[in-house]
Amino acid sequence: MPRRSVASEDNDPLTLAIAPPPNETPVEREQRLAEEKKAKEVSDSIDEEINAQRLAEKKEDSVKVLLLGQSESGKTTTLKNFQLINSPKAFKAERASWRAVVQLNVARSIRIIIDAITRAQQASSSSPSSPVAQGSSDDISIPDTETEFPTLTVEHLKLKMRLSPLLQVEESLWRRLSPSSAVEFEASHLASITNVPHSTRPKEVYVQSSMAWKSTFSRLLSTSTRDSVESDTGIDFDDPKDPGVILNNCAEDMIKLWHDSTIRELLNVSGIRLEDTPGFFLDDLERITALRYVPSDDDILKARLKTMGVSEHRFVLKTGNLVSRDWRVFDVGGARSLLAAWAPFFEFINAIIFLAPLSCFDQSLIEDPSVNRLEDSILLWRSIVSNQLLQKTELILFLNKCDILKAKLESGIQFSKWVISYSDRPNTFEGTSKYMKKKFSTIHKNNSPTPRTFYCHFTSVTDIQSTFQILENVKDFIVRKSLADSHML
């Protein structure tokens, strides 16, 4: 075996790095050792502080709840309910911000209709042998499949032209709500439209957290020194840049467009059901386009603004006869690819409220159009239930958007067409909801690392009264369980 030379050992980088300086004097050696000792003490102190912080977070006397579910499952709406119930003053203070979101939702709904009209125009003007024509909008293209569009009249085209200023309103509101935001494809509720290519579906703005955009918009509002700013709402109704002015001027045409039977037929053949989507306000246009419109509690709960990332919200909540306690509610927003990152950070969560929207049984994920949204919720639920880090965490299931599920079933959409295993069971809310509850319950029972009680609620989180009672019961349960675990009850 060849021997390593002394020279090779002397040239070893690690040996050179830890070796004392050459020709070091005794005084220099003593000084170096003292500095190394001090550096080690600092390092040990930092390690102790980190460990103490971790221990403090573990022992912190606050209730920590994680809201989890796919995009558009109702997480942010559930958070709004928490705030409405327990911090009504803060909820009221944000009405000006939510007014802009409602206006954005209205403008966006009208744009989707305008885009549908444009596609119908393109289809009628294109011959089978001619190349596919492209519209001026990034969201417009000729469908890949032939669709029999209803015949549009000159009046429809005039309505489209008169409502075109709303496209600028939508763009302006995007910038005001989140100047640094990005634009993403709409989160899946239009993903079941087969005649609109995946790459050209409507797009949607998102913000990085539900708190950041409110702060940004509040700063914009606070810079106004006009006397017309109402102290109760923080809204400047006389602001010449207020989008409400354009919405008010377009109100009559928007109402006419939405209630037009030909336009309704066009949306139907295009596979677009705006009434089933978050942020739908077209049935309330007369009220919402009023010049001095202020969002109601219901409006704020219905308003849609996509959030990305993890945001934390703190509340001081009183539960029954128990003392008030600090609550930390974490909202995990965003796309499917971001959800895998949350688990290691929530080892000490008291409870997870998981939202699974039942109404999305006929829709697919925008991230992966081959995956059904209801199937995705089931897969995510299984991964949470089986996670070893969460084996001591209480799981509370909200089978959400039951109101939309009922409306879809009553309109004739067949649940069994999308959920094959449902077979020939009755196409009713009672039958489908019971079936899905059993499926989620079976996963919970078969995949939990340790036995846990299955807690499930049928919810429509935009319904204030019913959600209020459910959240009160959930709050009481979580607090009592937390106290029992800490041997204080």
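Residue 1 is where the sequence shown starts when you use full-length UniProt numbering, and the numbers rise one by one after that. Built from N, CA and C at the ideal position, the CB exists for glycine as well. Note that the structure is a prediction, hence the values are computed from the model and not measured.
Near Asp101, what residues of its chain come up, given a Cβ to Cβ distance below 6 Å and the 5 sequence neighbours on each side ignored?
The residue labelled residue 101 in the question sits at position 101 within the sequence shown. Rather than Asp, the amino acid found at residue 101 in this sequence is Val. Cβ within range, chain order: Ala303, Leu305.
Residue range of the beta strand (DSSP E) that His457 falls in?
Locating residue 457 in the sequence shown gives position 457, where the first residue counts as 1. Looking at the DSSP string, the run of the beta strand (DSSP E) that includes His457 is 455-458.
Give me whichever residues DSSP pairs with Asp326 in a beta bridge.
Here residue 326 is taken as the residue at index 326 of the sequence shown, counted from 1. Answer by DSSP bridge pairing, in chain order: Ser62, Val316.
Considering only residues of the same chain and omitting the five flanking positions on each side of Ser136, which have a CB-CB separation below 7 Å?
Here residue 136 is taken as the residue at index 136 of the sequence shown, counted from 1. Low per-residue confidence applies at Ser136: pLDDT is 36, beneath 50, and the placement is therefore not dependable enough to give any value.
Is any non-hydrogen atom of the ligand NAD found closer than 8 Å to the C-beta of Ile384, if you look at the structure I gave you?
What this structure holds is no ligand at all, so the ligand NAD is not there to describe.
What is the rounded straight-line gap between the Cα of Lys401 and the Cα of Ile114?
Along the sequence shown, read from residue 1 onward, the residue named residue 401 stands at position 401. Along the sequence shown, read from residue 1 onward, the residue named residue 114 stands at position 114. Straight-line Cα distance between these residues: approximately 27 Å.
Return the residue from the list Thr76, Asn23, Asp368 that minimises the CA-CA distance to Met308.
Along the sequence shown, read from residue 1 onward, the residue named residue 308 stands at position 308. Considering only alpha carbons, the answer is Thr76.
Could you pull the DSSP bridge partners for Gly74 from this structure?
In the sequence shown, residue 74 corresponds to position 74, counting from 1. Answer is none; Gly74 lacks a bridge partner.
Per DSSP, what are the beta-bridge partners of Phe398 in this structure?
The sequence position of residue 398 within the sequence shown is 398, counting from 1. Per DSSP, Leu355, His457.
Indicate whether Thr153 and Ser124 have their beta-carbon atoms separated by less than 9 Å.
By one-based count along the sequence shown, residue 153 stands at place 153. By one-based count along the sequence shown, residue 124 stands at place 124. No, they are not a contact pair.
Where Ile272 and Ile85 are concerned, what is the direct C-alpha to C-alpha distance, given to the nearest angstrom?
Your numbering for residue 272 matches position 272 in the sequence shown. Your numbering for residue 85 matches position 85 in the sequence shown. Each residue's Cα considered, the two are about 34 Å apart.
Which same chain residues, not among the five before or five after Val169, have their C-beta less than 6 Å away from its C-beta?
The residue labelled residue 169 in the question sits at position 169 within the sequence shown. These residues qualify, in order along the chain: Ala107, Pro243, Ile246.
Three-state secondary structure (DSSP) at Ser129?
Residue numbering aside, residue 129 sits at position 129 when the sequence shown is read from its first letter. Per-residue confidence for Ser129 stands at a pLDDT of 41, beneath the threshold of 50, marking its modelled position as unreliable; the derived number appears in the next sentence. Note: Ser129 maps to coil in three-state DSSP.
Along the alpha helix (DSSP H) that carries Gln391, what are the first and last residues, could you check?
The residue labelled residue 391 in the question sits at position 391 within the sequence shown. Looking at the DSSP string, Gln391 is not in any alpha helix (DSSP H), and its letter there is neither H nor E.
Going by Cα to Cα distance, which pick from Leu291, Cys456, Lys38 is closest to Ile353?
The count along the sequence shown starts at 1 and reaches residue 353 at position 353. Nearest option by C-alpha distance: Cys456.
According to DSSP, is residue 540 part of a helix, a strand, or is it coil?
What the structure shows of the chain is the stretch from 1 to 489, and residue 540 is not part of that stretch, so it cannot be assessed.
Distance check for Leu66 and Ser441, CA to CA, integer angstroms please.
Residue 441 sits at position 441 when you count from the first residue of the sequence shown. Residue 66 sits at position 66 when you count from the first residue of the sequence shown. Distance between the alpha carbons of Ser441 and Leu66 is about 20 Å.
By DSSP, does Ser386 sit in helix, in strand, or in coil?
Numbered from 1 along the sequence shown, position 386 holds the residue referred to as residue 386. Ser386 falls in the coil class under three-state DSSP.
For the alpha helix (DSSP H) holding Val269, just list the boundary residues, first then last.
Here residue 269 refers to the residue found at position 269 of the sequence shown. Per DSSP, Val269 belongs to the alpha helix (DSSP H) from 261-269.
Could you tell me how far apart the beta carbons of Leu68 and Ile378 are, in whole angstroms, since I believe they sit closer than 8 Å?
Taking the sequence shown and counting its residues from 1, the one referred to as residue 68 is at position 68. Taking the sequence shown and counting its residues from 1, the one referred to as residue 378 is at position 378. The Cβ separation is near 14 Å, so there is no contact.
Since Ala116 and Ser270 should fall inside the 8 Å C-beta cutoff, what is the C-beta to C-beta distance between them, to a whole number of angstroms?
Here residue 116 refers to the residue found at position 116 when the sequence shown is read from its first residue. Here residue 270 refers to the residue found at position 270 when the sequence shown is read from its first residue. The Cβ separation is near 5 Å, so the contact holds.
State the start and end residues of the unbroken alpha helix (DSSP H) segment that holds Val169.
Taking the first residue of the sequence shown as position 1, residue 169 is located at position 169. Per DSSP, Val169 belongs to the alpha helix (DSSP H) from 165-177.
Name the residue from Gln103, His156, Arg99 whose alpha carbon lies nearest to the alpha carbon of Ser120.
Within the sequence shown, residue 120 is the residue found at index 120, counting from 1. The sequence as given places Ala at residue 120; Ser does not occur at that position. Minimum Cα distance to Ala120 is reached at His156.
Could you check if Thr78 is buried or exposed, using at least 16 other CB atoms within 10 Å of its CB as the buried criterion?
In the sequence shown, the residue the question calls residue 78 occupies position 78. Looking at its Cβ environment, which holds 16 or more other Cβ atoms inside 10 Å, Thr78 is buried.
Could you pull the start and end residues of the alpha helix (DSSP H) that Gly412 belongs to?
Taking the first residue of the sequence shown as 1, we reach residue 412 at position 412. Where Gly412 is concerned, there is no enclosing alpha helix (DSSP H), given that its DSSP letter is neither H nor E.
Apart from the five residues just before and just after Ile404, which ones in its own chain have a Cβ nearer than 7 Å to its Cβ?
As a position in the sequence shown, residue 404 is number 404, starting the count at 1. So the qualifying residues of the chain are Asp276, Ser359.
What's the gap between the Cα of Ile349 and the Cα of Thr393?
As a first step, residue 349 is located in the sequence shown; it is residue number 349 there, counting from the start. As a first step, residue 393 is located in the sequence shown; it is residue number 393 there, counting from the start. Approximately 6 Å between the Cα atoms of the pair.
How would you label Arg111, buried or exposed, when you count the other beta carbons within 10 angstroms and need 16 or more for buried?
Taking the sequence shown and counting its residues from 1, the one referred to as residue 111 is at position 111. So Arg111 counts as buried.
Less than 9 Å separating the beta-carbons of Thr462 and Leu301?
Here residue 462 is taken as the residue at index 462 of the sequence shown, counted from 1. Here residue 301 is taken as the residue at index 301 of the sequence shown, counted from 1. Yes, Cβ-Cβ distance for Thr462 and Leu301 is below 9 Å.
Ser423 bridges to which residues according to DSSP?
Along the sequence shown, read from residue 1 onward, the residue named residue 423 stands at position 423. DSSP output for Ser423 lists no bridge partner at all.
What would DSSP say about Leu68, mapped onto helix, strand or coil?
The residue you call residue 68 lines up with position 68 of the sequence shown. Strand at Leu68.
Where Asp283 and Asp253 are concerned, what is the direct C-alpha to C-alpha distance, given to the nearest angstrom?
In the sequence shown, counting from the first residue as 1, residue 283 sits at position 283. In the sequence shown, counting from the first residue as 1, residue 253 sits at position 253. Straight-line Cα distance between these residues: approximately 14 Å.
Report buried or exposed for Glu472, applying the criterion of at least 16 other Cβ atoms within 10 angstroms of its Cβ.
On the sequence shown, position 472 is the one that residue 472 refers to. Exposed.
Using the beta-carbon count (16 or more within 10 Å), is Lys475 buried or exposed?
If you number the sequence shown from 1, residue 475 lands on position 475. Buried: at least 16 other Cβ atoms inside 10 Å.
Can you give me the start and stop residues for the alpha helix (DSSP H) that Leu257 sits inside?
Residue mapping note: residue 257 aligns to position 257 of the sequence shown, counting from 1. Unbroken alpha helix (DSSP H) run through Leu257: 251-258.
Using the Cβ count rule (16 or more neighbours within 10 Å means buried), how would you classify Arg44?
For this step, residue 44 is matched to residue 44 along the sequence shown. The sequence given here has Asp at residue 44, not Arg. Answer is exposed; the Cβ neighbour count stays below 16.
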